[in-house]
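Chemist:
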Amino acid sequence: MTINGHTKTLGVIGCPIAHTLSPLIHNLLAQILDHNLVYVPFLVEKDLESAIKGARALQISGLNITIPYKTEVLKYVAEVDDFAQKIGAVNTLVPIENGFKAYNTDIPGLYRAMLSDGVVLKDESVIILGAGGAARSVAMLCMEKGADKVYILNRTLSKAQAIADEVNVLKGSELVVPIEIMDYKKLAGRKYLCIQATSVGMHPDVDSAVIEATEFYDLVHTGYDIVYNPCETKFMSLVKAHGGQAFNGLKMLLYQGIIAYELWNDVEISDDVADFVLSKLKEELNL
Ligand code: NAP
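At position 38 of the sequence shown (counting the first as 1) the number is 38 in the numbering used here, and the numbers step up by one without a gap.
This is how it looks when you write it as structure tokens:
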């Protein structure tokens with residue numbers, strides 16, 4: 001591409017940032033769609049407020065926000081999208097007249113990934129493994145999309161309890177039930193959609209699953225691991241070995257990027273383009 005006086009600059013703020021795959025996603029989309037923009041990583045070690053103000057002054061045309069700033073950045077934006085407000089964490093900033101408007105595309109990204117894999121949340125009984133930031137967002141998604149019941153299994157029960165309390169107040173019912181992870185036997189008697197939202201099993205810890213006991217996997221008809229490296233996590237292998245279908249988190253990563261790109265550039269990305277970018281992500285990760 002040719003960088004010239006009309007080239008727009010976008011980027012991702014985080015710390016650390018060197019591992020980010022977002023420049024690959026966005027610069028490839030720009031190239032395919034013939035958009036005159038560049039997308040670069042910005043390492044912000046401290047003083048996020050100055051970084052956001054500076055980005056606005058420089059008329060940066062869009063930002064992603066990653067770890068550890070997804071919540072802190074809410075203090076420095078002019079507006080927050082309603083769904084993002086509910087989730088309490090954002091990853092995308094779109095310039096508006098008086099600053100930036102903040103969105104969460106991680107969770108719509110996960111939903112779009114699930115739709116493309118034929119995984120349905122409506123009326124489903126869902127097990128979420130983990131109770132960190134990602135698990136909390138997944139619980140909100142389950143509420144939004146009409147899951148029938150959600151069981152949050154976590155090593156630290158108090159964290160699962162906190163998410164359950166928060167979602168149940170919003171929902172006005174006992175939708176979410178917290179369970180200590182080793183008490184999974186309480187769930188016997190039926191099959192579930194299980195979303196793996198812990199960091200266990202992520203490269204290089206590829207030989208671990210957060211629940212190793214194989215009997216747990218008899219409860220799972222579909223396993224969705226939000227980890228994407230390795231391509232097939234141990235959680236996924238265990239689900240498949242017990243007759244279930246299993247997916248990884250690479251499409252979630254892809255679609256959070258695609259939805260952000262659509263917000264910044266007012267375009268709709270076709271499935272063919274999405275598939276092409278996915279193939280390039282796999283190449284980059286040697287998957
Ligand atoms: P987090 O807030 O740090 O939460 C980590 C969770 O993992 C907690 O529930 C923690 O349990 C559990 N955990 C960690 N080590 C454990 C162990 N040895 N045994 C049992 N439980 C353990 O992290 P997060 O932000 O939610 O992210 C979780 C994962 O999602 C990460 O791997 C991240 O890369 C991935 N992710 C993927 C995407 C994507 O686009 N595909 C997007 C966002 C996140 P305790 O509460 O007991 O500590």
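All C-beta atoms, glycine included, are put in the ideal place defined by N, C-alpha and C. Because the structure is a prediction, the values reported are computed rather than measured.
So does the segment 8-18 actually touch the segment 52-67, counting three or more Cβ pairs closer than 8 Å?
Modeler: Yes, since at least three Cβ pairs between the segment 8-18 and the segment 52-67 fall closer than 8 Å, the two stretches touch.
Chemist: Please say whether Ile195 and Val239 have beta carbons closer to each other than 8 Å?
Modeler: No; because the gap between Cβ atoms is not below 8 Å, this pair is not in contact.
Chemist: Roughly how many whole angstroms lie between the Cα atoms of Asn286 and Glu174?
Modeler: When rounded, the distance between both Cα atoms is 43 Å.
Chemist: Just the Cα atoms here: how many angstroms apart are Val120 and Lys171?
Modeler: If you take the alpha carbons of Val120 and Lys171, they lie about 19 Å apart.
Chemist: Can you give me the Cβ contacts of Leu29 inside the same chain, cut-off strictly under 6 Å, excluding the 5 residues immediately before and after it?
Modeler: Contacts found: Tyr261.
Chemist: Can you tell me where the beta strand (DSSP E) with Ser208 in it begins and where it stops?
Modeler: Premise fails: Ser208 is in no beta strand (DSSP E) and is neither H nor E.
Chemist: With DSSP as the reference, please indicate the residues paired to Val277 in a beta bridge.
Modeler: Paired residue(s): none; Val277 is not in a bridge.
Chemist: I'd like the ranges of any alpha helix (DSSP H) spanning at least 4 consecutive residues and lying wholly in the segment 212-241.
Modeler: Segments of the alpha helix (DSSP H) lying fully in the segment 212-241: 234-241.
Chemist: For the beta strand (DSSP E) containing Cys194, name the first residue and the last one.
Modeler: It spans 192-196 - the beta strand (DSSP E) in which Cys194 sits, taken as one unbroken run.
Chemist: Indicate, with yes or no, if ligand 1 has a heavy atom lying under 7 Å from the CB of Tyr103.
Modeler: False, no ligand heavy atom lies under 7 Å from that Cβ.
Chemist: Leaving out the 5 sequence neighbours to the left and right, which residues in its chain are closer than 7 Å to Thr167 when beta-carbon positions are compared?
Modeler: According to the sequence displayed, residue 167 carries Val and not Thr. Ala139, Met140, Met143, Leu175, Val176.
Chemist: With distances taken from CA atoms, which of Pro41, Thr66, Val73, Phe276 is nearest Lys53?
Modeler: Residue Val73 is the option with its Cα nearest to Lys53.
Chemist: Taking only the alpha-carbon atoms, compute the straight-line gap between Lys234 and Phe247 and give it to the nearest angstrom.
Modeler: One C-alpha to the other measures close to 12 Å.
Chemist: Starting from the C-beta of Leu330, find all residues in its chain whose C-beta is less than 8 Å away, skip the five residues before and the five after it, and write them out in chain order.
Modeler: In the structure as shown, the chain starts at 1 and stops at 287, and residue 330 therefore has no counterpart that could be examined.
Chemist: Please confirm whether any heavy atom of ligand 1 lies closer than 7 Å to the CB of Met236.
Modeler: Checking every heavy atom of ligand 1 against the Cβ of Met236, none is found closer than 7 Å.
Chemist: Which word fits Val227, buried or exposed, when buried means at least 16 other C-beta atoms lie within 10 angstroms of its C-beta?
Modeler: It counts as buried.
Chemist: Should Tyr228 be listed as close to ligand 1, given that the test is whether its C-beta is under 7 Å from any heavy atom?
Modeler: For ligand 1, at least one heavy atom lies less than 7 Å from the Cβ of Tyr228.
Chemist: Given that a residue counts as buried once 16 or more other Cβ atoms are within 10 Å of its Cβ, and exposed if not, what is Leu250?
Modeler: Flag for Leu250 reads buried.
Chemist: CA-CA distance, Leu48 and Gly109?
Modeler: Going by the C-alpha atoms only, they are around 25 Å apart.
Chemist: Give me the Cβ distance between Arg136 and Ile163, rounded to the nearest whole Å; I'm assuming they're in contact under 8 Å.
Modeler: Between Ile163 and Arg136 the Cβ distance is about 5 Å, and since that is below 8 Å, they are a contact.
Chemist: What is the DSSP secondary structure of Glu268, counted as helix, strand or coil?
Modeler: Reduced to three states, the DSSP call for Glu268 is coil.
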